[in-house]
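First comes the structure, then the notes that go with it.
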Amino acid sequence: GFYSLRLYEVKGSTISDPTMVHLGLRRYNRIHRNSIENYTGHVRSIKGTADIALRDVQDLYYYGTMDVGTPPQTIRVLFDTGSSDLWVPSNKICSNDTNYCSNHNTYTHSKSSTYKTSGKKFHVKYGSGEVYGFVSQDNIAVANLQVQDQTFGEATFIDTQTADSQFDGIFGLAYPAISEMQTNPPFVNMIKQGVVNEPVFAFYLNKASDSSSGDSSSGEGAELVLGGVDPNHYTGDFTYTPVIEQTYWKIQIDGITLGSNEICSTYPAIPDSGTSLLYGPSEFTDQINQAIGGEESDGTYIVDCTTIDSLPDVTIYIGGKPFVLHPQDYIISMPTESGEDVCVSTFIGSDNLSFFILGDVFMRKYYTVFDMGNNQVGFALAQ
1 GFYSLRLYEV KGSTISDPTM VHLGLRRYNR IHRNSIENYT GHVRSIKGTA
51 DIALRDVQDL YYYGTMDVGT PPQTIRVLFD TGSSDLWVPS NKICSNDTNY
101 CSNHNTYTHS KSSTYKTSGK KFHVKYGSGE VYGFVSQDNI AVANLQVQDQ
151 TFGEATFIDT QTADSQFDGI FGLAYPAISE MQTNPPFVNM IKQGVVNEPV
201 FAFYLNKASD SSSGDSSSGE GAELVLGGVD PNHYTGDFTY TPVIEQTYWK
251 IQIDGITLGS NEICSTYPAI PDSGTSLLYG PSEFTDQINQ AIGGEESDGT
301 YIVDCTTIDS LPDVTIYIGG KPFVLHPQDY IISMPTESGE DVCVSTFIGS
351 DNLSFFILGD VFMRKYYTVF DMGNNQVGFA LAQ
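92 is the number that full-length UniProt numbering gives to position 92 of the sequence shown; each next residue is one higher, with no gaps.
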């Protein structure tokens, strides 16, 4: 069993022998970003390894907790490998949106003795909306991993879709090059400040139905490890592939097949913990969705639930190895307003996308390790 760790930060203290941190994540349902054209990807610790328990909300997104300031103020964040900025909601948001503040944690910088102002503003756009406010600095902690003087955004405006989420802020885990605030993301600072044992983090994303809580809509058991990997959550060997562009975690896939038919050959892809589904150029996703008998509805393909067991596998080749998604992996059941379930393909197309996005659907099946030291990504069968 995994658990949510309360994250403590003691002013002025240092951990002389930090450990790897395992963070439990909670999962939450977020279908997909409305306009993928504007795509910006929305912890167990041995010197430092942190285990972060993640909460899963209906298989659509996963969040955990971190602390900001001295004394610590706890914020729920989506740990997002598809973006590079950290932002948290400012308490100043409450003056215009009291409803938001009744459902979310906010950060009050006047209560922190380690807060520093920057005088700058920030504006981050996601496929589903935008967030803006001003830039601040403070100490942060994720489990027992502490970062001094982290630059982050204090949001004074959060778009409705993001505000409706169960997390409060977003914790970017991609490379500094795509930071809107032109600063080091927290994990880069953990490496620079010597807090983590290894410059590596890894995600285990379980399914809501795997949750032991009995609540299928949101579950615990998912985990982010900062500073290492958790051998209990994968089986077999990792297949590593190099990062081809240090912006997102962009890698090259060798090809995709549907059954025995080739859908595409070599193509860039981004493993993205902040995206629920599987995105790609429409020319490829349409081939898959039409071949499985999908009927298009507002960009999503509906599949006859009775046919799922007879549909072909989708195989994504990475590092010369096959990574298979069975129809039970790439078709999900979604409730409709009428109360009936429909079966939906998780392959979503965009005419303006020049890479695939391997979202949580893929990362649930394959334990994913992000190695910033060697600029590579590794995949192994999750367990």
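Heads up, the beta-carbon is just placed ideally off N, CA and C, and yes, glycines get one too.
Pairing F347 with L277, the inter-Cα distance amounts to about 7 Å. Secondary structure note for I331: its beta strand (DSSP E) is the uninterrupted segment I331 to P335.
When only Cα atoms are considered, K92 and Y240 end up about 44 Å apart.
With a beta-carbon spacing of about 4 Å, Y367 and Y234 fall inside the 8 Å limit used to define contacts.
The beta-carbon separation of V77 and A50, rounded to 14 Å, does not stay under the 8 Å limit for a contact. Separation of the CB atoms of Q246 and A177 is rounded to 6 Å, and the pair is thereby assigned contact status at 8 Å.
For G133 and N374, the gap between their C-alpha atoms comes out near 34 Å. Here DSSP, grouped into helix, strand and coil, assigns Q166 to coil. In the DSSP annotation of this structure, the continuous segment of the alpha helix (DSSP H) that includes M190 starts and ends at P186 to K192. A straight line joining the alpha-carbon of S338 with that of A143 spans about 42 Å.
Spatial neighbours of G349 in its own chain (CB-CB distance under 7 Å, excluding positions within 5 residues in sequence) are listed in chain order as G280, P281, S282, T285 and D286.
With 16 or more other CB atoms across the displayed protein chains lying within 10 angstroms of its CB, Q58 is buried.
Counting every other CB atom within 10 Å of its CB across the protein chains shown gives G359 a total of 16 or more, marking it as buried. In the three-state DSSP reduction, F203 falls in the strand class (E or B). Put simply, of Y317, V342, G255 and E223 the residue whose alpha carbon is nearest the alpha carbon of E295 is V342. For C264, the enclosing beta strand (DSSP E) has its first and last residue at N261 to C264.
Counting only residues of its own chain and dropping the five nearest sequence neighbours on each side, N184 has a CB closer than 6 Å to the CB of P176. Of the residues E220, A202 and G64, the one whose Cα lies closest to the Cα of P231 is A202. For Q182, the three-state secondary structure derived from DSSP is coil. By the Cβ rule, the region 64-75 counts as touching the region 107-116, because three or more pairs are nearer than 8 Å. The beta-carbon distance between G221 and N206, rounded to whole angstroms, is 5 Å. This is short enough to meet the 8 Å contact definition.
For the region 294-354, the full-length alpha helix (DSSP H) segments reaching 4 residues or more read 327-330 along the chain. Burial of E154 is indicated by the presence of at least 16 other C-beta atoms within 10 angstroms of its C-beta.
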